[in-house]
Amino acid sequence: MPGREPENDSGALCAVDSVLGFPNIGARLGPTPERKVAMDDAAGLKTRTEAPDLAAMRRYRLGRLLREIEARDVAGALFFDPVTIRYATDCSNMQVWTLNNPARYALVLAGGRVILWESLGAEHLSDDLPLISETRVGTPWFHFAAGDD
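Structure follows, in structure tokens:
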């Protein structure tokens with residue numbers, strides 16, 4: 017029956033839980049929070065208590081891109097994949113939507129200058145991101161936005 021919680025000892029969730037070795041508690045699938053911590057501890061994973069160093073992460077990512085640009089002896093690299101744009105600029109505007117509707121792109125130049133072409137009205141989203149040297153309004157190239165009208 018739709019919306020009905022399965023019984024603890026029957027139903028699809030119980031079968032999946034038993035295969036995975038997790039105790040079934042109502043309709044919840046997966047380990048309890050306590051079990052998850054125990055599994056992480058057993059695997060040697062540590063719970064992070066301090067915030068990540070975003071500035072160091074950004075420098076590392078841009079440095080990797082610049083080394084590849086230099087190794088290939090090119091003036092720069094143009095990125096249009098939203099995941100790569102995020103990696104290069106740390107700007108994550110509309111990542112899922114732009115997977116199917118290309119509308120953003122970023123140019124990383126050999127000297128370290130980064131230019132982001134953003135959707136109209138969204139230029140402000142990169143104002144506080146230190147890697148982006150300049151933000152311009154981009155021209156989308158998907159079928160609904162690329163025509164004359």
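Take the sequence shown: its position 64, counting from 1, is numbered 80 in the working numbering, and each next residue is one higher. Using N, Cα and C, we set each Cβ at its ideal position, and we do this for glycine too.
Sheet register partners of residue i (DSSP bridge)
i: G137; result: According to DSSP, G137 bridges with nothing at all.
Residue burial classification, residue i (beta-carbon count within 10 angstroms, cutoff 16)
i: Y121; result: buried
i: L78; result: buried
i: T105; result: buried
i: P49; result: exposed
i: L132; result: buried
Euclidean distance between Cα positions of residue i and residue j
i: A67; j: M73; result: 12 Å
i: D144; j: L123; result: 18 Å
i: A119; j: T63; result: 37 Å
i: V32; j: V53; result: Residue placement at V32 is flagged as unreliable, the pLDDT there being 49, under the threshold of 50; a coordinate-derived value is accordingly withheld.
is_contact[residue i, chain D] using C-beta, thresh 8 Å
i: L123; result: No chain D appears in the structure shown, which is made up of a single protein chain.
Cβ-Cβ distance between residue i and residue j below 8 Å
i: E134; j: T155; result: no
i: L147; j: V130; result: yes
i: I85; j: A126; result: yes
i: G128; j: L94; result: no
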